[in-house]
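Residue numbers (the working numbering): 8 to 283.
From the three backbone atoms N, C-alpha and C, an ideal C-beta is built for every residue, glycine too.
Owing to the predicted nature of the structure, the values given are computational and were not obtained by experimental measurement.
Okay, so here's the structure we're looking at.
This is the structure in structure tokens:
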């Protein structure tokens, strides 16, 4: 306990403070009564969200509110990350990897369409940025971007194990995204499992749900495409409740009704397990 307080006591206090500042049910009851964005801003002034819109001129837009909320969230997250020590620091890094994957896929897609990297950078999620991202500005085509990612980014292990330079074409973009997410989720799952305790208990359930969710989405999105059942099955993360029998059944599904039947069966099975 003494070691916990030394390494994580300050961060726990921060986390509790951030949680205490979340909007309450009463706040949401008031917000649904707001008729304009200015009314929303006025109510938020009495909450922990009051400052992030204080200097924004009228008229407010939804885009501005979304941007400022994201900035607040990222600022708080990065402060937690900068104060963290192992293994919490690595855990928080893992959380950012999904945003990094989406950012890298965005950059690959943009370069395939001849868009300047500098322009694409402005569209990246701030939680998925990293120091080495600046070096990606020198990439003028997908091949150069691939080599930069392979060498300089935290996602390099996933690229080395899963993707080759020849895969970088427009038809393979979603396959690349799903391949990276498969490697990422399985890696994150194993990390949490090794940590054990409450982290494993809570996070393995969350990651298993995300793995199964992606398996269903991959299956449904593959209908009407050239993706074979065998290739589809290679994209499924194997750290979910569906593994192995459920994933095998999904790989053979050919229409939405078959997917619904598999989902209904495993939802029923999951409910039985949780009720024990």
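Query raised in the report: Mind checking whether residue 169 and residue 192 have CB atoms under 9 Å apart?
Result: Taking the first residue of the chain shown as position 1, residue 169 is located at position 162. Taking the first residue of the chain shown as position 1, residue 192 is located at position 185. No, they are not a contact pair.
Query raised in the report: Hey, residue 215 and residue 189 are a contact pair by Cβ (cut 8 Å); roughly how many whole angstroms apart?
Result: Residue mapping note: residue 215 aligns to position 208 of the chain shown, counting from 1. Residue mapping note: residue 189 aligns to position 182 of the chain shown, counting from 1. Contact between residue 215 and residue 189 is absent: CB atoms are separated by about 13 Å, not below the 8 Å threshold.
**Report entry** Residue range of the alpha helix (DSSP H) that includes residue 179
**Finding:** Against the chain shown, residue 179 aligns to sequence position 172. From DSSP, residue 179 is part of no alpha helix (DSSP H); its letter is neither H nor E.
Query raised in the report: When the Cβ atoms of the region 199-207 are set against those of the region 248-268, are three or more pairs found closer than 8 Å?
Result: no
Query raised in the report: Who are the near neighbours of residue 274 in its chain, counting only those whose CB is closer than 7 Å to its CB and skipping five residues on each side?
Result: What you label residue 274 is simply residue 267 of the chain shown in a count that begins at 1. Closer than 7 Å at Cβ, skipping near neighbours: no residue.
Report task. Name the residue from 91, 78, 56 whose alpha carbon lies nearest to the alpha carbon of residue 20. Result -> Position 13 of the chain shown, counting from 1, holds the residue named residue 20. Nearest C-alpha to residue 20: 91.
Requested in this report: Under the assumption that residue 240 contacts residue 258 (Cβ atoms under 8 Å), give the Cβ distance between them as a whole number of angstroms.
Outcome: Locating residue 240 in the chain shown gives position 233, where the first residue counts as 1. Locating residue 258 in the chain shown gives position 251, where the first residue counts as 1. Sure, about 4 Å apart at Cβ, within 8 Å.
Report task. Indicate whether residue 110 and residue 136 have their beta-carbon atoms separated by less than 9 Å. Result -> In the chain shown, counting from the first residue as 1, residue 110 sits at position 103. In the chain shown, counting from the first residue as 1, residue 136 sits at position 129. Yes, they are a contact pair.
Query raised in the report: Is it true that the CB of residue 131 sits closer than 9 Å to the CB of residue 114?
Result: Within the chain shown, the letter at position 107 stands for residue 114. Within the chain shown, the letter at position 124 stands for residue 131. Contact flag set, yes.
Query raised in the report: For the candidate residues 195, 97, 221, whose alpha-carbon lies nearest to that of residue 209?
Result: Residue 209 sits at position 202 when you count from the first residue of the chain shown. It is 195.
Query raised in the report: Is the distance from the Cβ of residue 232 to the Cβ of residue 260 below 9 Å?
Result: Translated into the one-based positions of the chain shown, residue 232 becomes position 225. Translated into the one-based positions of the chain shown, residue 260 becomes position 253. No.
**Report entry** Whole-angstrom C-beta distance between residue 127 and residue 103, which should lie under 8 Å
**Finding:** Here residue 103 refers to the residue found at position 96 when the chain shown is read from its first residue. Here residue 127 refers to the residue found at position 120 when the chain shown is read from its first residue. Not a contact, Cβ separation roughly 18 Å.
Report task. Work out the CA separation of residue 40 and residue 156 for me, nearest whole Å. Result -> For the purposes of this step, residue 156 is taken as the residue at position 149 of the chain shown. For the purposes of this step, residue 40 is taken as the residue at position 33 of the chain shown. Looking at the two C-alpha atoms, the distance is approximately 47 Å.
Report task. Taking the CB atoms as reference points, tell me whether residue 29 and residue 47 lie closer together than 9 Å. Result -> Numbered from 1 along the chain shown, position 22 holds the residue referred to as residue 29. Numbered from 1 along the chain shown, position 40 holds the residue referred to as residue 47. Contact flag unset, no.
Report task. Report the rounded CA-to-CA distance for residue 181 versus residue 72, giving the unit in angstroms. Result -> Start at 1 with the first residue of the chain shown, and residue 181 comes out as number 174. Start at 1 with the first residue of the chain shown, and residue 72 comes out as number 65. Distance between the alpha carbons of residue 181 and residue 72: 30 Å.
Query raised in the report: Helix, strand or coil: which one does DSSP assign to residue 222?
Result: Mapped onto the chain shown, residue 222 falls at position 215. Correct three-state label for residue 222: helix.
Query raised in the report: Around the Cβ of residue 271, are there at least 16 other Cβ atoms within 10 angstroms (buried) or fewer (exposed)?
Result: Position 264 of the chain shown, counted from the start, is the residue given in the question as residue 271. So residue 271 ends up on the exposed side.
Report task. Can you grab the Cα-Cα spacing for the pair residue 96 / residue 140, in whole Å? Result -> Taking the chain shown and counting its residues from 1, the one referred to as residue 96 is at position 89. Taking the chain shown and counting its residues from 1, the one referred to as residue 140 is at position 133. Cα to Cα, residue 96 sits roughly 20 Å from residue 140.
Query raised in the report: Which residues mark the beginning and the end of the alpha helix (DSSP H) in which residue 92 is found?
Result: As a first step, residue 92 must be located in the chain shown, where it is residue number 85. From DSSP, residue 92 is part of no alpha helix (DSSP H); its letter is neither H nor E.
Query - residue 137: first and last residue of the uninterrupted alpha helix (DSSP H) it sits in - result: Along the chain shown, one-based indexing puts residue 137 at 130. Where residue 137 is concerned, there is no enclosing alpha helix (DSSP H), given that its DSSP letter is neither H nor E.
Requested in this report: Return yes when at least one heavy atom of the ligand GDP lies under 8 Å from the C-beta of residue 54, else no.
Outcome: In the structure shown, the ligand GDP is absent, as is every other ligand, since no ligand is present at all.
Query raised in the report: Can you tell me whether residue 238 is buried or exposed, with buried defined as 16 or more other CB within 10 angstroms of its CB?
Result: The count along the chain shown starts at 1 and reaches residue 238 at position 231. Exposed.
Query raised in the report: With a Cβ-Cβ cutoff of 9 Å, do residue 18 and residue 87 count as a contact?
Result: Reading the chain shown from its first residue, position 11 is the one you call residue 18. Reading the chain shown from its first residue, position 80 is the one you call residue 87. It is a contact, given that the beta carbons lie within the stated cut-off.
Report task. Could you check if residue 162 is buried or exposed, using at least 16 other CB atoms within 10 Å of its CB as the buried criterion? Result -> For this step, residue 162 is matched to residue 155 along the chain shown. Buried is the call here.
Query raised in the report: Three-state secondary structure (DSSP) at residue 65?
Result: As a first step, residue 65 must be located in the chain shown, where it is residue number 58. Secondary structure at residue 65: coil, using DSSP grouped into helix, strand and coil.
Report task. Determine the extent of the alpha helix (DSSP H) in which residue 236 is found, giving its start and end residues. Result -> Here residue 236 refers to the residue found at position 229 of the chain shown. Run containing residue 236: 236-240, per the alpha helix (DSSP H) assignment.
Report task. Verify whether the separation of the beta carbon atoms of residue 218 and residue 245 is less than 9 Å. Result -> Position 211 of the chain shown, counted from the start, is the residue given in the question as residue 218. Position 238 of the chain shown, counted from the start, is the residue given in the question as residue 245. Yes. Within cutoff.
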